[in-house]
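Trainee:
Residue numbers (this note's numbering), protein chains in the order written: chain A, 1 to 500; chain B, 501 to 1239.
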């Protein structure tokens, strides 16, 4: 058997495997070995890295960290990234039947649906002349760092399966999420924080909720850890009332002594591993509060991210589904936390905001959504760049699908003011992490209905993402129920044109 | 993937239970002979057979059977041995022309140059392909052979020990000593009831001189109604039980628990496993079916459901039926049926057509929420809209739905029509009518000559009592699974299980009374070297408690646990500020109900209780044949700081302070309550030092004592001190493990 460089692909003994499962710490057993009396020799040498220890990729990576911004609900690509003048010319007219034949919609009544023009104005930005609508003035200034894929497509037109596919590669529940695959393949670079952190803003989780950051059949230590925006950042991080840090240390020492004694008696490596995870938890108790303490950030930085912004009454009225009061603050803070997490080595940071599901009143709702996210995301890209982190950090803007060029004509609507779900052609973008700045990948037809050039399936996108991290998506597999599963299921092709 | 397959053939035994995949960069050395089974068959199966196999024969070509392959297809011969230039098959795989290249674009990965080279060499060497009879040898796979009761070796009195010791002697290993009595009591209590023994039970057992004390303990525990709770939870994992629909939102299933209650009752009554099977898969089809038998069909109602307006109804109905087929295949037969949904199984003899034969048994079911009155309603179940208490059931539709093969698993791409039938590799099914029914299927599964059902069931029971099954790949008895570590013992148990009328209690009694079960779980030096994975069973295994059991253990130590059995699910409290992300809809139950056992906690599929996920409970989105036992910092944070666990520590503290006076007595009692044993002299010394240090800190910060004790009455300082001690004990690895 050829030995490969990717740790999780190596056969390790059964005991070793269960021994390692879930030890999320850089503290190897060697470090705890001295705690033990009666240490058998063989054991001391078994100082393998934990499943979350950093591991070498298949080939030289471009990126080390990922900030994956998931704007679920389906922002309208034709109003943001992929201008279609023909929609305005043909506004109110039906699409030729050949387009919609055999197409199933979530809500549109096919027989009477007509095209919906866009009131947005588009302009070219940056040296490469990327097009953005007037709703994204800040992001537009990052044009030369962005690679916009206009030819995304996915398999389903309903939110939940669509979200699950974006997060796990297939539309069925139960598969590991992207971040779980990444920490499984590469480990974490952080000693004191989880390898995969989830931050949500807007008061509602995506439809499929924690399935989006679950570990599926991978060991549960790879699941995303949600950080909370109020109270303690991680569930149960704080000691119970009355237990001071001094007492915590004293009690942990007593626990460790008892565990070490038990270990000497039973020699079960799980006990040694347990000692290590308790130390890791103790360190997390310091590291997590330090992470969310923004007092060291400059006024300038906080302003750039828009951390102190407050929604106006009219904004709140216009868009009830985008999160209530405090969403702007929460999303901006999350963007800033994303940078701080990356600085501390967290491998995969997953930001959520929604919903961008604009079936009606699309204009005011989309406008407000963009007001929430445009400024902080642009600030994040610039901040990373200024700190020399953008080259090694991949930033992604993604949603489960896009929106139809047709207006949505549900019976209860007076007239179409929004768009339905569109899985056949939509836009997402990447920045940094060795992707090609100022680039547009793919081309859609004049209606934005279907893809003309370089179709990119979700599996292709995931293959590309793994590639950027030095992982061959065909080789990152996990055997479960008799099958070697991968993030890209049975598909996946790296989009070479997106790479710098 | 193909190279994986090659290597995997060689390393199956090594890796298969590990969930690990091997990768290599080159497939074969230049001077190695190309072997059909090893090198070529996997390529054909992986890249060609989907369109040129039993279900579909594009161009009339079939590449899964030698005779058919050599006959060629519609356009003539495909493979000419020794004549590469006259073998159109080679020509097609060696092309880049998108109109002619095989596999066609979008139908799978093109063959790599190495793989093309393999096929070239194979054809040039004569395209050796063993006759079809010989290749059907895959059916010689052990798990598909009839169960033959082996002779019990003469190595020990207890039959299980006889088999195990025979292996140990062969390996030159000695079994471990029996665990001490306190450990045995605790192990049995957790394994059979999921609850720790009380200090009184510990005292009684340690002082029971009767030579049959252990056997009497086993009898007592098997008769406890908590036995049904413990073993129902194992079954719920397989049945992907949940209290919500899944997919999105949190649509609550007000009646899901009725099926759970049925399972608890059935297991407590030791319903024979054959009846247990038949009622759950086809209770509605039994003549004059009782309400209880109909409630049993709730097994498959546990599948996911969507009420999303934007979803395609047929697509989601199909997903349910696919789930029924997969869960049935896994739960009763330990087969990876799901692999055959989109194409013929790559490794096991299950064709895609056979997959849809299985699917067809379930394809005509309809959902009915059946009125099902409660006999003894101790929970005072109330309903929102009416007084009708219901249960989720399945019934056979009046109009059978036709079943077709779904080409590549796409429900819109209908292939040939299929009638309900079972895989040809297994014994034939005797249909009672023209068209085989679910009832026929259920009876077939538990027929005495079925080679899988009994083996799979006893293996799973063994797994719950040892941590791992005799077949370590409990979810894969197929050709890619691990062979049994003790094949004869497995078959003896499987046969014994049926002989004893499929009685689970009898089987468990048999296993736990063996010396093999009663061994110490300590890892001996020689075993570290010789058998670190404990394949030979020269010791017991130490197992971290499951999420629900861990919570039950803490509540029991605290004296808070509510032992009422059955009833609707409940929502425990979550921290008040936990609502921002995931628990917004979570409305906790009033306090007393919160102390019910963990198996009654509401399983919310998309937003599960964080505690359950942190300790590896399944979320009900997919069936779970074996839980992980992870070891993470968030577990440490939970045990240290979660309000419920701290409350339990505090109650242990209060109990020892209120009932005992001296430090020594208190320490003894704290150990008995939490660990079911008394402390050693060294532990006593160590903890006395701890108590002194902790006292100093409490004296230094007197205000903290009240917070820790949780009340200002009584001896606050002492209660706080002993709560801290209890917190220490309840964070040890011993507390959270069954040894």
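We treat Cβ as the ideally placed atom computed from N, Cα and C, and that holds for glycine.
Kindly give me the distance between the Cβ atoms of residue 322(A) and residue 369(A), rounded to whole angstroms, as I take these residues to be in contact under 8 Å.
Mentor: With a Cβ gap of about 5 Å, residue 322(A) and residue 369(A) count as contacting.
Trainee: With DSSP as the reference, label residue 1241(B) as helix, strand or coil.
Mentor: There is simply no residue 1241(B) to check, as chain B begins at 501 and stops at 1239 in what is shown.
Trainee: For chain A, check one thing: does any of its Cβ atoms lie closer than 8 Å to the Cβ of residue 1183(B)?
Mentor: For residue 1183(B), the answer is yes, since a Cβ of chain A falls inside 8 Å of its Cβ.
Trainee: Find the nearest neighbour of residue 1062(B) within the set 1015(B), 948(B), 945(B), 879(B), judged by alpha-carbon distance.
Mentor: Checking every option, the nearest Cα to that of residue 1062(B) belongs to 879(B).
Trainee: So, are the CB atoms of residue 225(A) and residue 1134(B) less than 8 Å apart?
Mentor: Against a cut-off of 8 Å, the Cβ pair of residue 1134(B) and residue 225(A) comes out as a contact.
Trainee: For the beta strand (DSSP E) containing residue 1104(B), name the first residue and the last one.
Mentor: Run containing residue 1104(B): none; DSSP gives neither H nor E here.
Trainee: Excluding five sequence neighbours on each side, which residues of the same chain lie with their C-beta closer than 7 Å to the C-beta of residue 1231(B)?
Mentor: Excluding residues within five positions, the ones whose Cβ falls inside 7 Å are 1139, 1140.
Trainee: Locate the beta strand (DSSP E) running through residue 895(B), then write down its first and last residues.
Mentor: Here the beta strand (DSSP E) through residue 895(B) covers 890–896.
Trainee: Which value, in whole angstroms, describes the spacing of the CA atoms of residue 71(A) and residue 374(A)?
Mentor: The straight-line gap from Cα to Cα measures roughly 12 Å.
Trainee: Starting from residue 1042(B), find everything on chain A with Cβ-Cβ shorter than 9 Å and list it in chain order.
Mentor: By Cβ distance, chain A contributes 266, 268, 270, 271.
Trainee: DSSP has residue 1238(B) in a bridge; who is on the other side?
Mentor: Its beta-bridge partners are 1043(B).
Trainee: Whole alpha helix (DSSP H) runs in the segment 435–471 of chain A with 4 or more residues, listed along the chain?
Mentor: Segments of the alpha helix (DSSP H) lying fully in the segment 435–471 of chain A: 458–468.
Trainee: Does residue 1121(B) get closer than 8 Å to chain A when you measure Cβ to Cβ?
Mentor: Yes, its Cβ sits closer than 8 Å to a Cβ of chain A.
Trainee: Whole angstroms is fine: what's the gap from residue 1221(B)'s alpha carbon to residue 712(B)'s?
Mentor: Approximately 41 Å, taken between the alpha carbons.
Trainee: Can you give the beta carbon distance from residue 760(B) to residue 736(B), rounded, assuming they're within the 8 Å contact cut?
Mentor: Between residue 736(B) and residue 760(B) the Cβ distance is about 6 Å, and since that is below 8 Å, they are a contact.
Trainee: Nearest to residue 161(A) by CA position, among 647(B), 806(B), 578(B), is which residue?
Mentor: Among 647(B), 806(B), 578(B), the Cα nearest to that of residue 161(A) is on 806(B).
Trainee: Apply the 10 Å Cβ neighbour rule to residue 415(A) and answer buried if 16 or more other Cβ atoms are within range, or exposed otherwise.
Mentor: That one is exposed.
Trainee: Return the CA-CA distance between residue 599(B) and residue 617(B), expressed in angstroms with no decimal places.
Mentor: Those two C-alpha atoms are separated by around 22 Å.
Trainee: Mind checking residue 1192(B): buried by the 16 CB within 10 Å criterion, or exposed?
Mentor: With fewer than 16 Cβ atoms within 10 Å of its Cβ, residue 1192(B) is classed as exposed.
Trainee: Consult DSSP for residue 1019(B) and reduce its assignment to one of helix, strand or coil.
Mentor: It is a strand residue.
Trainee: Is there a Cβ of chain A sitting closer than 8 Å to that of residue 1218(B), yes or no?
Mentor: With 8 Å as the cut-off, residue 1218(B) does not count as an interface residue toward chain A.
Trainee: Give me the Cα-Cα distance between residue 180(A) and residue 219(A), rounded to the nearest whole angstrom.
Mentor: Going from the Cα of residue 180(A) to the Cα of residue 219(A) covers about 9 Å.
Trainee: Check the Cβ-Cβ distances between residue 780(B) and every residue of chain A, and say whether any is below 8 Å.
Mentor: No, residue 780(B) lies away from the interface with chain A (no Cβ there is under 8 Å from its Cβ).
Trainee: Taking beta-carbon pairs under 9 Å, can you tell me which members of the segment 231–255 of chain A lie near chain B?
Mentor: Residues passing the 9 Å Cβ filter: 231, 232, 234, 235, 236, 237, 238, 239, 240, 241, 242, 243, 244, 246, 247, 248, 250, 251, 252, 253, 254, 255.
Trainee: With a threshold of 6 Å on Cβ separation, who are the neighbours of residue 75(A) within its own chain once the five nearest residues in sequence on each side are excluded?
Mentor: Within the same chain, residue 75(A) has close Cβ partners 356, 399.
Trainee: Quick one: what's got a C-beta closer than 8 Å to residue 1088(B)'s C-beta in the same chain, skipping five residues either side?
Mentor: Correct list, in chain order: 1071, 1072, 1073, 1074, 1094.
Trainee: Provide the residue(s) that pair with residue 332(A) in DSSP beta bridges, ordered along the chain.
Mentor: DSSP output for residue 332(A) lists no bridge partner at all.
Trainee: Does DSSP put residue 363(A) in a helix, a strand or coil?
Mentor: Helix.
Trainee: If you measure beta-carbon to beta-carbon, which residues of the segment 103–133 of chain A are closer than 9 Å to chain B?
Mentor: Those would be 104, 105, 106, 107, in chain order.
Trainee: If you measure from the beta carbon of residue 1107(B) to each beta carbon in chain A, is any gap under 8 Å?
Mentor: Chain A contact via Cβ: present.
Trainee: Counting along the chain, where does the alpha helix (DSSP H) carrying residue 682(B) start and finish?
Mentor: Note, residue 682(B): alpha helix (DSSP H), 681–693.
Trainee: State buried or exposed for residue 956(B), treating a residue as buried only when at least 16 other CB atoms are found within 10 Å of its CB.
Mentor: Per the 10 Å Cβ criterion, buried.
Trainee: With 16 other CB atoms within 10 Å as the buried threshold, where does residue 484(A) fall?
Mentor: So residue 484(A) ends up on the buried side.
Trainee: Applying the criterion that 16 or more other CB atoms from any shown protein chain within 10 Å of the CB defines a buried residue, is residue 253(A) buried or exposed?
Mentor: Burial call: exposed.
Trainee: Going along the chain, which residues of the segment 348–369 of chain A sit with their C-beta nearer than 8 Å to a C-beta in chain B?
Mentor: Listed in sequence order: no entries.
Trainee: Tell me the rounded alpha-carbon separation between residue 320(A) and residue 367(A).
Mentor: Roughly 12 Å separates the two Cα atoms.
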